[in-house]
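Shown next as structure tokens:
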């Protein structure tokens, strides 16, 4: 079993809370209560950028913060926040706030991070390609080789965005692009997230799943959800792999038989599947890069829809 097949280095599954009076990060990072039209009119849409996939680190892109950089950031739809390493915060001269945060990973364990800070300028791809949202970044230690985590839902607000996995392209979503199904695509509802704005969807078996580009898994389910996917629980399967999450905890992943998943009008067959042990009871089902790699993913911020499309040349 290849380690990369089950690796979840950046499946953060953040449950981020401020210790003190500040609200939860998902509700506080950006002022989402403003009129969408007014916010859209006040922001220039950033240019498309290319990313590359590293099996152990995820979808990587160059980022500049307050004109400092470039830094290597992982594009993670499951993060729920922009996260920067302490050395980046120092070089970009980010000013820390007084309160600290707690990051909860797959295992349910938390780690007290270094705080949070306001970002004045955030650019992607090149130093003058500014993202529309600035907001608050969480300061936290990250694994070697990664300077930060970029959650595009937060960073591209008020625009939606497109992650074209086969083409390796991330771009802001044109407001004129249709929100409609087609023969090559399916539309699924972007479900509410109690902790922020992460992209949850409903699978045909009724389970909620997080579309998580920060995860190297295909389908990953905890023991409680296994039978809903027809996964048999036994001790006779392949040996499990221990994975450390960003919160400092550990979980075990055991490879299961590839699954068939119905998502909207689309059926995904032979999806690499892993059974997770030692996770928090609230850990959601994941659809990670190994499942999403063939698709172009449209995230509509205002309409709260997600379009999953097979590229014409795919």
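Residue numbers (the numbering used here): 409 to 722. We put the CB at the ideal spot given by N, CA and C, even for glycine. Since this is a predicted model, take the numbers as computed values, not measurements.
Less than 8 Å between the C-beta atoms of residue i and residue j, yes or no?
i	j	result
residue 665	residue 636	no
residue 486	residue 622	yes
residue 533	residue 562	no
residue 625	residue 682	yes
residue 473	residue 496	yes
residue 550	residue 639	no
residue 686	residue 718	no
residue 531	residue 564	no
What separation, rounded to the nearest whole angstrom, lies between the Cα atoms of residue i and residue j?
i	j	result
residue 705	residue 595	10 Å
residue 538	residue 489	18 Å
residue 756	residue 674	This structure gives no information on residue 756, because the portion of the chain shown stretches from 409 to 722.
residue 528	residue 498	14 Å
residue 503	residue 493	13 Å
residue 707	residue 580	9 Å
residue 627	residue 693	7 Å
residue 505	residue 546	10 Å
residue 667	residue 702	16 Å
residue 525	residue 548	11 Å
residue 724	residue 481	What is shown of the chain runs 409 to 722, which leaves residue 724 out entirely.
residue 709	residue 476	29 Å
residue 613	residue 501	48 Å
In terms of residues, what are the limits of the alpha helix (DSSP H) holding residue i?
i	result
residue 496	494-499
residue 454	Run containing residue 454: none; DSSP gives neither H nor E here.
residue 561	560-563
Give the single residue among the options whose Cα lies nearest to the Cα of residue i.
i	options	result
residue 634	617, 623, 621	617
residue 558	608, 484, 619, 581	484
residue 571	460, 494, 661	460
residue 684	500, 632, 604, 470	632
residue 573	711, 700, 707, 715	700
residue 479	709, 535, 565, 605	535
residue 582	719, 454, 717, 712	454
residue 606	719, 470, 713, 468	713
residue 470	680, 550, 555	555
residue 669	565, 523, 620, 611	611
residue 452	672, 676, 566	566
residue 620	696, 687, 466	696
residue 661	641, 671, 676	641
residue 597	717, 711, 687, 698	711
residue 678	569, 718, 468, 698	698
residue 553	672, 717, 687, 462	462
residue 671	663, 715, 604, 691	715
residue 576	709, 659, 676, 466	466
residue 680	540, 601, 629, 604	629
residue 603	477, 690, 676, 663	690
Going by DSSP, what residue range makes up the beta strand (DSSP E) through residue i?
i	result
residue 461	460-462
residue 640	Per DSSP, residue 640 belongs to no beta strand (DSSP E) and is neither H nor E.
residue 671	658-671
residue 579	577-580
residue 468	466-473
residue 697	Careful: residue 697 lies outside any beta strand (DSSP E), inside the alpha helix (DSSP H) at 697-700.
residue 525	523-526
residue 568	Neither: residue 568 is in no beta strand (DSSP E) and is coded neither H nor E.
residue 713	713-717
residue 479	476-483
If you measure from the CB of residue i, is any heavy atom of the ligand MG nearer than 7 Å?
i	result
residue 467	For the ligand MG, the structure offers nothing, since it holds no ligand at all.
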